[in-house]
């Protein structure tokens, strides 16, 4: 009788252990939510990208950024991927992108590959430090919305250097007001006076800075000073707005062009036009700015 009782107990323990193992296997096989990165320690797309990038981690930052960009060719273009929920949270999605998120991810991928911690958690931290003011997620207005502020913060953090002044030394008469003037276009600002006031304060701060650019007519003269892997930002004549598009410089068939998340192609692609051809084809374009990694 005692032997039978012991046998039943052992069978029960074994069954419990087996159940726990199965639960663990199932949990590890689940794909983490792309919009809820708190506690997510693994992402299949990130793992694949980092495995390849890590082989080249000793390369200069610009070269590594360009490799990250090329690895992301074909990624679908999707707008507004950060506007998924009511509560502001860090969203990291390497399976779709828009133009600024593409550039941001390539810089963060290269930065992470060159660091001592190549984990997905650290990559998400690096994204957060690029995207949010002082790296802190605290509501919609804590997110950096104007690319000029993205550049200023990354430069302050020692991650990039804007090259526009050094290359052309041409002041840009830049004022910020687009988001507050067009607040009805943003669901987080529409009829939200508190958020509008916070964005207005950001715009006021940005208006206190000096900006430089390479004028449209002078881009051909300075083109050779743009290096592959540089961020290229296209200045716009739209009132109160700084930049209309961004990409990463690449030399293709001996000509300077850029790789970007294209709204026309609806994917990440190397543009078939040269940089000069691209800006000449956009009436509202007034020139370019360029930013180089320093990590």
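Numbering (my numbering), first residue to last: 360 to 654. Ideal Cβ positions, reconstructed from N, Cα and C, are used throughout, including at glycine. Nothing here was measured: the structure is a model prediction, and the numbers come from that model.
In the structure shown, what three-state DSSP assignment does residue i receive?
i: residue 424; result: helix
i: residue 651; result: strand
i: residue 419; result: coil
i: residue 508; result: helix
i: residue 534; result: coil
i: residue 490; result: helix
i: residue 389; result: Model confidence at residue 389 stands at a pLDDT of 31, short of 50, so the residue's coordinates are unreliable and nothing is read from them.
i: residue 570; result: strand
i: residue 539; result: helix
i: residue 644; result: strand
i: residue 440; result: coil
i: residue 404; result: helix
i: residue 597; result: coil
i: residue 471; result: helix
i: residue 639; result: helix
Could you check the C-alpha separation between residue i and residue j for me, to the nearest Å?
i: residue 550; j: residue 501; result: 18 Å
i: residue 517; j: residue 590; result: 15 Å
i: residue 639; j: residue 602; result: 16 Å
i: residue 533; j: residue 570; result: 7 Å
i: residue 536; j: residue 554; result: 14 Å
i: residue 387; j: residue 405; result: Caution applies to residue 387, whose pLDDT of 31 falls short of 50 and renders its modelled position unreliable; the value that the coordinates give is listed next. If you take the alpha carbons of residue 387 and residue 405, they lie about 16 Å apart.
i: residue 580; j: residue 528; result: 13 Å
i: residue 656; j: residue 473; result: Here the chain comprises residues numbered 360 to 654, so residue 656 is not present and cannot be evaluated.
i: residue 423; j: residue 654; result: 11 Å
i: residue 426; j: residue 483; result: 19 Å
i: residue 514; j: residue 521; result: 7 Å
i: residue 493; j: residue 504; result: 14 Å
i: residue 490; j: residue 453; result: 15 Å
i: residue 462; j: residue 623; result: 17 Å
i: residue 595; j: residue 642; result: 9 Å
i: residue 509; j: residue 436; result: 21 Å
i: residue 403; j: residue 531; result: 42 Å
i: residue 445; j: residue 438; result: 17 Å
i: residue 419; j: residue 568; result: 30 Å
i: residue 412; j: residue 525; result: 30 Å
i: residue 559; j: residue 428; result: 34 Å
i: residue 475; j: residue 552; result: 44 Å
i: residue 609; j: residue 464; result: 17 Å
i: residue 511; j: residue 565; result: 9 Å
Can you pull the DSSP bridge partners for residue i?
i: residue 606; result: 591
i: residue 617; result: 608
i: residue 521; result: 650
i: residue 634; result: Note: residue 634 sits in no beta bridge, so no partner.
i: residue 626; result: 435, 621
i: residue 529; result: 572
i: residue 502; result: 491
i: residue 477; result: Answer by DSSP bridge pairing: none, since residue 477 is not bridged.
Take residue i and list the residues in its own chain whose beta-carbon comes closer than 8 Å to its own, dropping the five residues that flank it on each side.
i: residue 630; result: 606, 616, 617, 618, 619, 621, 637
i: residue 546; result: 442
i: residue 440; result: 450, 452, 455, 456, 457, 460
Which same chain residues, not among the five before or five after residue i, have their C-beta less than 6 Å away from its C-beta?
i: residue 485; result: 467, 470, 471
i: residue 543; result: 549
i: residue 409; result: 477
i: residue 456; result: 434, 620
i: residue 628; result: 621
i: residue 611; result: 629
With residue i and residue j assumed to form a contact (beta carbons below 8 Å), what rounded beta-carbon distance in angstroms separates them?
i: residue 341; j: residue 587; result: Given a span of 360 to 654 for the chain in the structure shown, any question on residue 341 remains unanswerable.
i: residue 433; j: residue 557; result: With 8 Å as the limit, residue 433 and residue 557 do not qualify as a contact, their Cβ atoms being about 37 Å apart.
i: residue 519; j: residue 651; result: 6 Å
i: residue 573; j: residue 523; result: 6 Å
i: residue 592; j: residue 506; result: 6 Å
i: residue 415; j: residue 479; result: Rounded, the Cβ-Cβ distance is 19 Å, inconsistent with contact.
i: residue 575; j: residue 645; result: 6 Å
i: residue 308; j: residue 582; result: Only positions 360 to 654 of the chain appear in the structure, and residue 308 is not among them; the question remains open.
Leaving out five residues before and five after residue i in sequence, what residues of the same chain have Cβ atoms less than 7 Å from its Cβ?
i: residue 633; result: 614, 615, 616
i: residue 496; result: 447, 448, 449, 487
i: residue 577; result: 527
Counting contacts by CB-CB distance shorter than 8 Å, is residue i in contact with chain C?
i: residue 513; result: In the structure shown, chain C does not exist; there is a single protein chain.
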